[in-house]
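*Asks:*
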Amino acid sequence: MFKTQGFKAGLISLLLFLLFLGAWSLATFPKEQATLSGADAEYAALMGKGAEKSSGFPAPGKVGEAFVTYLSDPFYDNGPNDKGIGIQLAHSLARVALGFLLAVAVALPLGFAIGMSPLLLQAFNPFIQILKPISPLAWMPLALYSLKDSDVSGIFVIFICSLWPMLINTAFGVASVRKDWINVARTLEVSPLRKAFQVILPAAAPTILTGMRISMGIAWLVIVAAEMLVGGTGIGYFVWNEWNNLALPNVIFAVVMIGLVGMILDQIFGVLQKFVTYRE
Amino acid sequence: MTQHFLSVEGLKKAYPGTPTPVFENIHFAIEKGEFVCIIGHSGCGKTTILNVLAGLEEASGGVVIMDGREVSGPSLDRGVVFQSHALMPWMSVLANVAFAVKSKWPDMPKAQVEAHCTKYLEMVGLGQAIHKKPAELSGGMKQRVGIARAFAIEPKMLLLDEPFGALDALTRGTIQDELLKIVQATHQTVFMITHDVDEAILLADKVVLMSNGPLAKIAEIVEITMPRERTRADMHHDPQFYRIRNHLVDFLVNRSKGYAGSDAAVLHDAKHPPVVRPGLVEEEAPESATFRQPPQLKQVVNH
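Protein chains in written order, with our numbering: chain A, 690 to 969; chain B, 50 to 352.
This is the structure we're talking about:
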């Protein structure tokens with residue numbers, strides 16, 4: 690068991706992590722500092738706790754403390770600017786979920802239609818090609834102006850960025866369903882609805898799920914940036930808020946959480962993908 | 050003209066952008082319970098003809114009439130076995146056949162569907178594998194499922210597009226035997242494309258020979274006059290076998306080119322392609338290599 694590749698890889702991973710922590714500790718090891726003199730000392734006294742935070746990049750210990758504090762009570766709520774990390778993440782996830790589901794609701798039927806009809810594909814193609822490369826955040830001003838609500842605008846931005854990969858993959862998946870399977874359905878005089886759900890959908894499902902996985906990845910990238918812009922709640926806002934507080938340990942903590950949640954989201958889609966993938 | 054079960058009249062297929070049609074003026078007929086094979090080189094439009102019969106492709110001209118009705122579009126009356134088996138890989142073997150059965154009889158109760166499917170899967174020797182996915186089966190087994198699926202809807206006619214083309218010789222032999230047994234038991238009307246002369250002789254009542262494309266024609270219709278109860282094991286003991294085989298091979302190797310285009314080398318009436326019974330005549334001098342004469346009259350029965 691100790692000879693399996695998984696075990697060895699895990700061991701190396703652990704080693705790399707310890708090496709990283711060691712390097713980090715060394716780099717942030719407090720230098721022999723001259724006792725604060727004059728104005729600095731006075732300033733420090735004035736700022737109280739704050740001055741301590743601004744003294745250089747935080748050491749691993751400090752960040753560890755942030756982890757312990759936040760994770761020991763993830764759902765506290767002390768007013769608009771002081772909420773637990775669980776609540777912040779929940780806000781972000783809710784926005785992503787809503788925007789993503791809206792995108793699914795549009796991309797699946799539209800992608801199906803486009804994939805089935807070469808005419809529609811050609812007609813929609815220029816719009817897709819132009820709209821796809823636009824950074825989702827570029828829509829933000831227009832969204833804020835026309836929707837007049839920061840929360841809805843965030844959801845809209847998620848919607849617009851999730852839409853394209855799903856739309857394109859659905860259309861592509863539907864268009865490239867093996868001709869043989871379609872012919873089988875035709876010779877069996879299968880009704881269009883039954884053909885769509887029992888032949889085309891399962892045949893295209895792996896491609897569609899890939900599109901969804903890409904969309905979810907992008908959505909999670911974008912939500913952080915969007916929340917930094919619109920503020921209020923969410924993990925992006927949390928990062929920005931802690932930056933304004935110059936509480937770098939908290940920022941690092943939040944960055945790690947963003948990575949973890951992103952990984953979990955991706956894994957969920959990985960499992961779903963495995964579920965619909967078929968072997969030929 | 051007597052009413053045939055299926056008659057193909059003046060069939061023509063031209064693809065847009067190409068001046069010469071792949072084939073034109075194709076006439077032939079199939080009677081109920083008959084097993085007809087079509088042989089010809091690649092590019093003569095065999096698959097297109099089959100697809101037109103299946104209703105999957107539209108001809109540029111001519112009509113196909115089956116059982117008194119013109120064929121327009123696919124129908125459950127005609128079961129198709131595809132060259133690439135065309136099983137849905139996300140469905141089990143049983144579900145693949147059940148998909149077809151439920152298409153034909155939407156109101157059949159679930160248990161009955163399963164029994165019906167199992168019956169046909171057992172017929173092709175797959176009773177043990179019904180819950181497997183196609184990916185877990187060998188090529189021959191997959192093709193068997195394809196055959197079971199086509200038989201299970203009990204079509205008036207079966208269309209097989211080179212069903213054994215992708216199989217190794219041993220597997221092909223076994224499945225040919227199985228198909229022969231099933232067809233003899235059910236008296237199914239079959240139209241089948243093949244490249245394999247022995248396969249055609251084993252299975253068919255009639256072999257339609259197509260000349261090379263473009264402008265492919267039906268060169269001859271060869272009647273297999275050997276008794277219907279053939280088996281792969283003793284078929285080649287019949288003296289007719291080699292005469293028929295030589296005739297077919299000779300056509301494919303030498304004569305199939307002579308019909309092409311305007312410089313057709315052989316006098317030929319497309320509406321009544323010569324019907325030949327090479328099995329019945331005594332051994333005679335091989336057909337001369339000069340094409341400027343009609344097919345040997347002794348063998349021709351409808352002229």
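Glycine included, each C-beta is placed from N, C-alpha and C at the ideal position.
1. For the beta strand (DSSP E) containing B:Leu60, list its first residue and its last residue.
2. From the DSSP output, which residues share a beta bridge with A:Asp766?
3. Counting only beta-carbon atoms, is A:Val873 nearer than 8 Å to chain B?
4. Any chance the stretch 86-96 of chain B sits against the stretch 239-256 of chain B, with 3 or more Cβ pairs inside 8 Å?
5. Applying a beta-carbon distance threshold of less than 8 Å, which residues of chain B neighbour A:Val888?
6. Could you tell me the alpha carbon to alpha carbon distance between A:Tyr834 and A:Ala874, rounded to whole angstroms?
7. Can you find the residues in the same chain that come closer than 7 Å, C-beta to C-beta, to A:Ala908, ignoring five residues on each side of it along the sequence?
8. Quick one, which residues of the stretch 847-879 of chain A are near chain B if we go by CB-CB under 7 Å, in chain order?
9. How long is the line joining the alpha carbons of B:Lys159 and B:Ser133, rounded to whole angstroms?
10. Here's the rule: buried if 16 or more other CB atoms are within 10 angstroms of the residue's CB, otherwise exposed. What is A:Gly768?
11. Since B:Arg127 meets chain A, which of its residues come closer than 9 Å, beta carbon to beta carbon?
12. Going by beta carbon distance, what residues of the same chain come within less than 6 Å of B:Leu329, once the five residues before and after it are set aside?
13. Can you name the residues that DSSP bridges to B:Ile270?
14. Are the CB atoms of B:Arg294 and B:Ile250 within a distance shorter than 8 Å?
15. Rounded to a whole number of angstroms, what is the C-alpha to C-alpha distance between A:Pro830 and A:Ile844?
16. Taking a contact to mean a Cβ-Cβ separation below 8 Å, would you say B:Ile242 touches B:Thr96 in this structure?
17. Just verifying my parser: in three-state terms, what is the DSSP assignment at B:Asp210?
18. For A:Asn814, count the other beta carbons within 10 Å of its own beta carbon; 16 or more makes it buried, fewer makes it exposed. Which is it?
19. Are the beta-carbon atoms belonging to B:Ala149 and B:Ile202 less than 8 Å from one another?
20. Among residues of its own chain, excluding the 5 on either side of A:Glu916, which ones have a beta-carbon nearer than 6 Å to its beta-carbon?
21. Show which residues of chain B have a CB atom less than 8 Å away from the CB atom of A:Glu969.
22. From A:Ser842 to A:Pro854, what does the alpha carbon distance come to, in whole angstroms?
23. By the DSSP assignment, the beta strand (DSSP E) with B:Cys86 in it spans what residues?
24. Give me the DSSP bridge partner(s) of B:Gly128.
25. Alpha carbons only, please: which of B:Gly92, B:Asp210, B:Ile270, B:Ala135 is nearest the one belonging to B:Lys306?
*Replies:* According to the data block:
1. 55-62
2. A:Lys772
3. yes
4. yes
5. Met137
6. 49 Å
7. Val785, Gly788, Phe789, Ile847, Cys850, Ser851
8. Asp869, Trp870, Asn872, Val873, Arg875, Thr876, Leu877, Glu878, Val879
9. Counting only the Cα atoms, B:Ser133 lies some 28 Å from B:Lys159.
10. With a 10 Å radius around the Cβ and a threshold of 16 neighbouring Cβ atoms, A:Gly768 comes out exposed.
11. Thr876
12. Thr274
13. Looking at the DSSP assignment, B:Ile270 forms a beta bridge with B:Val257, B:Val324.
14. yes
15. 13 Å
16. yes
17. Under the three-state reduction of DSSP, B:Asp210 is assigned to strand.
18. Under this definition A:Asn814 is an exposed residue.
19. yes
20. Gly923, Gly925, Tyr926
21. Pro138, Pro183, Ala184
22. 20 Å
23. 84-88
24. B:Leu207
25. Of the listed residues, the one whose Cα sits closest to B:Lys306 is B:Gly92.
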